[in-house]
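So the sequence lines, in the order shown, correspond to chains H and F.
In terms of full-length UniProt numbering, the first sequence opens at residue 1 and continues consecutively.
In terms of full-length UniProt numbering, the second sequence opens at residue 1 and continues consecutively.
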Amino acid sequence: MDLENNSEPTIESDATVNYSKIWSVKRTAILNKYTTGEKLTIISSYLPGGEKISSFSALLRQVSNLNEKVKHRLEQLDDFDESSVRKTMGLSQQEFVTKIHMLDDEIKKAWETEQRVKAFKIAIQCSKLLSDISVMQFYPSKFVLISDVLDNFGKLVYDRLKKKSFGDAAIELEDIDSGLVPESARETCQNWMFKMASIRELLPRLYMEMSLLKCYVFISKDEIKPAIARLITMIRGIGNPLVAIYIRVYLCKVASALYGKESECYFHDNLKEFLEEYQQIFQPAMAKKFGAQLLTADKYLSLYIPAIDWLLYGTLNTIPCKLTLLDELLQLCDKTENSELLLYCIVSGFDSPNIIKKSSAILDTIKKSAEHMVLLSPILSALGEHLCHADVYRQLSSEALSQTWWKIVSNMKSTANFLQVLEPWIQFACTQLSAQHINMLLRGTIRYMIKCGKPIDDYSSQIQLVVKRMLKSIPDVEELFLMDAFMPLVELVQTSNARTMMAKTVLLVFFERCNSVQIEDHIIIASLMRLCCILHEAINAVTVEDELKISSDLINKYIQTVSYQDDAREQLNFYVECRSAFIKLDSVLKTLVHAVHALANRARPSRSRWLSRACAAYSFVTVPSLQCALCRAQLYLLGAHAALLVACVGQAEANLKAFVSLIPDIPLYVQEDGQNKPTHVKVVGLLSNFLSTLLILPDNVDSSSKAYILSGFIKTMERIHWRKTDPLYYTLLLRTLDLLCNLTQEKYIYHIDGVISNDELYGSEEEFIDVLENYATNICQELLVVLKALGDAKETNKQYNLALELFWRIIKRGDLREGSMTSLAINLWVLSQKLQDSNNKFAKTLLSALERDTSEEGRLLFDKLNET
Amino acid sequence: MTASLTISLKRVNKIYHEGEIIAGVVIVDTAADLRHEGLTLTMEGSVNLQISSKNAGIFDAFSNNIRPINLINTSIELAAAGKMPIGVTEIPFEMPLVGRQSSMSLGLLETYHGVFVNVMYTLKCSMKRSFLNKPLNASCQFFVQYKQQERPPSKPVRCEVSPATLRAGGGAGAARGTVPHFQLYAEIDSTVCALDRPITGKIRVDECSVAIKSIELQLVRVETCGSAEGYSKDATEVQNIQVCEGDVRRARPVPLHLVLPRLFTCPTTATPYFKIEFELNIAVIFEDDYLVTENFPILLLRSK
């Protein structure tokens, strides 16, 4: 049905307001909002199982006695002719909707089979359903459903008359010239109108005339507007206010589809009519009815809201000076009783600038009757939302407004309503008022919450919303933490779940908004610490990965932003405190270690060495508590680097020693984003880094063996049961070989200031060189074993690469004067050439590099290689 | 061998005024050549009167039908005896609409469908055929309307209804003796009404101590049939429309808007044999079914 609604011809003189589009939005909103679990009743003779068509034409009923006649009619008022009309009771909402759709289909079917009168009668019956208000909370939705049916019926009639007049020519409504309509079409149209005018009951007659309104164009275009004006006044005859306002909505909808912008005056007229009838809503009879349906007064009043909204919407588009209208309406509110419904619609319907202008007047009106208002909280929160849009300027009236508001709101009985209203108003306060004032409001809120005597945890999500609103709207987010009532408000909730949620929200928004890189204020630091601790406390064995990640991200951010400027001792203390507070989170510990290193590094030039040592010690003590071996290894290495930078050799050695002992524990796979990721790339990087570090690390002269750490490493490598063909394994061997070669150099390629590396320490001492050479020989042999293993495993590509890599190392670093070396190189070359695949770029590059070698041995080797 | 005869008028709405010419075609559709003894077209108009059993005296108990009064009866021959060719033959015709010219004649009255009085006009076409075959017949109604007069000056009427003004016989409620307190104001814009314009007015409930269930506007025809033996007068409902439903807001004028139905209404007519008059009733029904009515005689005219 939606599609058809949208395709309805609309005359738009002003493209900016597309009423049919806006209606379809409102239509959906109504259908979603007004639902019911009550059982519904439908009265119709056209649904399956229904019997004969009842005789509707009461025209010729011959009852001579007037009283008898009237009695008879009145019986019919309550019920249809029982022989033919069926009352289906106990329908669920969904069933009701289906039945209405069935009636809609039935109209189409009847229409297509030339039973036009039947279609007309079904449409009448549908509109009659709208006089039934037995399940009030569904009434707006029922109205929407039935108005769709009526629209469709009107369209059928219109289309047929159009076809009768102009054939299939696509002619728009505004182009139809009534004078050109052929006699027969005009006659048919007139017949429809006569038929409609003789419908006995008022409500169906009005609805049917509205649905046929645009057909007047086939008689005379000039009749439409007077007809609308007449209908507006005729609706006065509908006594039930709910039925009356919705038929006004339908009239405006039909008029807007016909005239677009021009129809706005009808919105206004209808609104005026409604205001005249306003008190009907509060009739005792209506109160009895909604009371009997167990509806609360605010629910009852909310049934009117979409209708008034719609009337007000059109009216506002036509009024040149909205402020004058607002003034008028507010005066009306002041004068009339029960003005809350109107007031609510005014506040939600007008635009913010005008409402803001009148806000104090509105508040005064509210204040006068606040105790009796059932819509108090919606009105206040709508007003608050408007005020949030006020330009940022601090002025006296804001304070006065807020004070008046507080007086009203602090007497509210329902805590939920109180918090609902608080939300927009606190934003208003945050944007407009001073910190003291906000603080006062917060204190008041806490007092209210404690006084209300209900478990505060029931309202935790609402409090959370309030806090979030504040954090988002206050210009300087840090200011909030300086208010003495803020943290108590945040910690008002008691259950751990609610507390965690609250802390998370606050931290999230805080870091979103906080634009300063560093937080220096002690109060803020302490408050945030408190919140982070709450987050941390909530972590247990069953906490899911995502939660952990969010929490640790927040805490990490906190750690990174806290700064004690030049007071390194304080800063370090802070880190120590954090470590003890957040011991459960690996990633936080990692961040702490990094932060400490950064601190040590930052402080280095000006500080005495105690800080560096303290930091190094901190990291060395912290790392073991991490879960993941890979992380630990990384941090140890980092610790070693940091220690070396401050020439703290002992510390560096300890770190590296710990590192080496960790190597066997590094897992092959780590969990990352819920997936198992292989670690080998990381391990290669990490170990290469480690080996490069060893170059500068001075050897432990107290130990019995030379190259203490390196031997430890090589021993560890031997201890691990490697798969010989594992690329990780032989790559590491190659890198170790590289290191060994470099260690034997007389002057190392890099140093760190203040650290005496082995080149100076040993000065190429023979014993030291021998040890290294020994290792190198072993590794070379091991590599040859690997080469063979690769050959056995038919890993030719790997074998080829490894052969060339080794070849390159031998010709660059080996002593080519020794025959064994040369022959090894030649053998490797031959092996590689044998394996050579199409892509021998690597070999060619090596060869050309060798060609440029000017040494005698190089020449010799080159010649030999060329011979093979 | 099938053949059909239909009359088709040129004017779609079939409404004619006295003195106009009724034009149209007689369509003969035959599956084979059709031999016939002549094709004639007759225009008839008559008033049928009926006396309601309630009012009929002992005198005419044997029959409450009165002989119809003939208004027009003319006949022309469309085709002389001969043969119709196979297929569709259209025979155009034109007949002037002129009433009988005699001293007793009523002239041409407007078409009207009532309960005791009916004014009807028909065109009948008849094709005589050889005596073995039945004659073929077709008929078609058409409607006669008066020419539009100048609009008469409107005669508004106002009235106030309260328990004090209540006439006796106000209905069942009065018998119960519980008359609620109320004050109504009603207004009809004119009691002289043009037939093709709606009757308008307004009604206002100024005060009412009980809830109102419904306010209705009823159009009533009063038909009087007279003969030498006596006459009968009957009021019957033509149409009843609701103008208020439920307990309406007090002191708010609610418009009355009644479209006069076609055929069932005609200009108010008085002849020596019968009279057709119309009245409006405004009926207010209270929550307890107590009923108050106010009656307005109206004059219907064919005017602009």
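Note that the Cβ used here is the ideal one computed from N, Cα and C, for glycine as well.
Per DSSP, what are the beta-bridge partners of residue i in this structure?
i         : result
Asn281(F) : Gln218(F), Asn295(F)
Met127(F) : Leu39(F), Leu136(F)
Arg86(H)  : Ser44(H)
Pro255(F) : Lys202(F)
Asp234(F) : Glu223(F)
Asp29(F)  : Ser4(F), Val88(F)
Ser303(F) : Gln149(F)
Pro678(H) : Tyr669(H)
Val45(F)  : The identity of residue 45(F) in the sequence shown is Gly, whereas the question assumes Val. DSSP, once it has assigned bridges, lists Ile72(F), Tyr121(F) as partnering Gly45(F).
Pro156(F) : In the DSSP output, where bridge partners are listed per residue, Pro156(F) has none listed.
Verify the CB distance criterion: does residue i have a CB-CB separation below 9 Å to chain H?
i              : result
Gly107(F)      : no
Arg100(F)      : no
Gln145(F)      : no
Leu166(F)      : no
Asn118(F)      : no
residue 370(F) : Shown here, chain F extends from 1 to 304; a query on residue 370(F) therefore has no answer.
Gly24(F)       : no
Glu279(F)      : no
Asp247(F)      : yes
Cys244(F)      : yes
Arg252(F)      : yes
Check whether chain F comes within 9 Å of residue i, counting only Cβ atoms and requiring the distance to be less than that.
i         : result
Val347(H) : no
Leu202(H) : yes
Val63(H)  : With a pLDDT of 36 at Val63(H), under the threshold of 50, the predicted position of this residue should be treated as unreliable, though the coordinate-derived value follows. Yes, contact with chain F.
Gly237(H) : yes
Glu337(H) : no
Met193(H) : yes
Ala498(H) : no
Ser134(H) : no
Ser127(H) : no
Ser414(H) : no
Ser461(H) : no
Report yes if the C-beta of residue i is less than 8 Å from at least one heavy atom of the ligand PLP; otherwise report no.
i         : result
Ala197(H) : In terms of ligand content, the structure shown is empty, and the ligand PLP therefore cannot be addressed.
Measuring alpha carbon to alpha carbon, tell me which residue in the options is nearest residue i.
i         : options                                    : result
Thr224(F) : Val119(F), Tyr273(F), Ser162(F), Ala32(F)  : Tyr273(F)
Glu276(H) : Leu299(F), Val144(F), Arg252(F)            : Arg252(F)
Ala633(H) : Ala793(H), Asn655(H), Leu645(H), Arg613(H) : Asn655(H)
Ser75(F)  : Arg100(F), Ser105(F), Thr40(F)             : Thr40(F)
Asp181(H) : Arg160(H), Ala598(H), Gly453(H), Phe194(H) : Checking the sequence, you will find Val at residue 181(H) rather than Asp. Ranking the options by Cα distance to Val181(H), first place goes to Arg160(H).
Ala79(F)  : Leu195(F), Pro255(F), Glu37(F)             : Glu37(F)
Gln427(H) : Leu383(H), Ser527(H), Met286(H), Tyr259(H) : Leu383(H)
Val576(H) : Trp610(H), Cys615(H), Lys584(H), Arg609(H) : Cys615(H)
Asp189(F) : Ile298(F), Thr30(F), Ile22(F)              : Ile298(F)
Phe194(H) : Val238(F), Leu260(F), Glu77(F)             : Leu260(F)
Phe264(F) : Ile241(F), Leu219(F), Glu294(F)            : Leu219(F)
Glu277(F) : Ile285(F), Phe116(F), Lys213(F), Val205(F) : Phe116(F)
Asp805(H) : Ala793(H), Leu787(H), Arg817(H), Val755(H) : A small correction: the amino acid at residue 805(H) is Glu; Asp does not occupy that position in the sequence shown. Of the candidates Ala793(H), Leu787(H), Arg817(H), Val755(H), the one whose C-alpha sits nearest the C-alpha of Glu805(H) is Leu787(H).
Going along chain B in order, which residues have a C-beta closer than 9 Å to the C-beta of residue i?
i         : result
Ile241(F) : In summary, chain B is missing from the structure at hand, where the protein chains are H and F.
Taking Cβ-Cβ distances below 7 Å as the criterion, which residues of the stretch 123-143 of chain F are in contact with chain H? none
List, from N- to C-terminal side, the alpha helix (DSSP H) runs of 4 residues or more that fit wholly inside the stretch 630-665 of chain H. 649-662
What are the uninterrupted segments assigned as alpha helix (DSSP H) that are 4 or more residues long and contained completely in the stretch 329-356 of chain H, given in chain order? 340-349
Would you list, in chain order, the members of the stretch 206-221 of chain H that have their beta-carbon closer than 9 Å to a beta-carbon of chain F? none
Note down, in chain order, all residues in the stretch 210-236 of chain F with a beta-carbon under 9 Å from any beta-carbon belonging to chain H. Ala211, Ile212, Lys213, Ser214, Ile215, Glu216, Gln218, Val220, Asp234, Ala235, Thr236
Taking any Cβ of chain F, which residues in the stretch 230-262 of chain H have a Cβ under 7 Å from it, in chain order? Arg230, Thr233, Met234, Arg236, Gly237, Ile238, Gly239, Asn240
Could you list the residues in the stretch 176-187 of chain H with a C-beta less than 7 Å from some C-beta on chain F, going in chain order? Glu183, Ser184, Glu187
Report the residues of the stretch 276-297 of chain H with a CB closer than 8 Å to any CB of chain F, ordered along the chain. Glu276, Glu277, Gln279, Gln280, Gln283, Ala285
Against chain H: residues of the stretch 256-278 of chain F by CB proximity under 7 Å: His257, Val259, Pro261, Arg262, Phe264
Name, going along the chain, the residues of the stretch 1-22 of chain F whose beta-carbon falls closer than 7 Å to a beta-carbon of chain H. Val12, Asn13
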